[in-house]
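Position in the sequence shown (first residue = 1) + 470 = this note's numbering.
Note that CB positions come from ideal geometry on N, CA and C, so glycine has one too.
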Amino acid sequence: MTFDADTKKHVSEGSTWLRLVYMLLFVIIFNVAEIVLGAVVVLQFLFKLFTGKPLEQLEVLGQSLATYFYQMVLFLTFKTEDMPYPFGPWPKDAPSENAKSAPKRSRRSKAATKADES
């Protein structure tokens, strides 16, 4: 294939364009979630100011929001193909260190890769 044929093939892939739609949706969700995070920060500060300690429920919400941001960034940067909430479950725990990576596409054959490793 020539460069033009490869480019035409990649540009015409419907899955890439569908992913763009999802990415735009997650950029909007990310911005809304930033506002929610700002409200959590202000409320948590006020609870600490007036009661002397942060509210546990807001700590839990803050952790799940942090994990949600992490999941969105992984998806938006093509690190993973797993879509975050609302297409997946709402995060309950801290982000996993073993996040699934998006499959890497390579033009090199396995034989060429093994030859490089030797």
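{"query": "Does tyrosine 492 pass the burial test, meaning 16 or more other C-beta atoms within 10 Å, or should it be called exposed?", "result": "exposed"}
{"query": "Specify, as a first and last residue, the run of the alpha helix (DSSP H) that phenylalanine 496 falls within.", "result": "484 to 521"}
{"query": "Count the other C-beta atoms from every protein chain shown that fall within 10 angstroms of the C-beta of glutamine 527, then say buried if there are 16 or more, exposed otherwise.", "result": "exposed"}
{"query": "Taking only three categories from DSSP, how would you classify tyrosine 555?", "result": "coil"}
{"query": "Restricting to Cα atoms, I'd like to know which of Leu525, Met553, Leu535, Glu551 is closest to glycine 508.", "result": "Leu535"}
{"query": "Confirm, please, whether the CB-CB distance from phenylalanine 500 to methionine 542 is below 8 Å.", "result": "yes"}
{"query": "Rounded to whole angstroms, what is the Cα-Cα separation between arginine 578 and aspartate 563?", "result": "Unreliable positioning characterises arginine 578 in this predicted model, as indicated by a pLDDT of 46, which lies under 50. A coordinate reading is not provided."}
{"query": "How is the alpha helix (DSSP H) around alanine 564 delimited, first residue to last?", "result": "Element bounds for alanine 564: n/a, residue is neither H nor E."}
{"query": "Apart from the five residues just before and just after proline 565, which ones in its own chain have a Cβ nearer than 6 Å to its Cβ?", "result": "Thr537, Tyr540"}
{"query": "What's the gap between the Cα of aspartate 476 and the Cα of lysine 549?", "result": "23 Å"}
{"query": "Is the CB-CB distance between leucine 525 and glutamine 533 below 8 Å?", "result": "no"}
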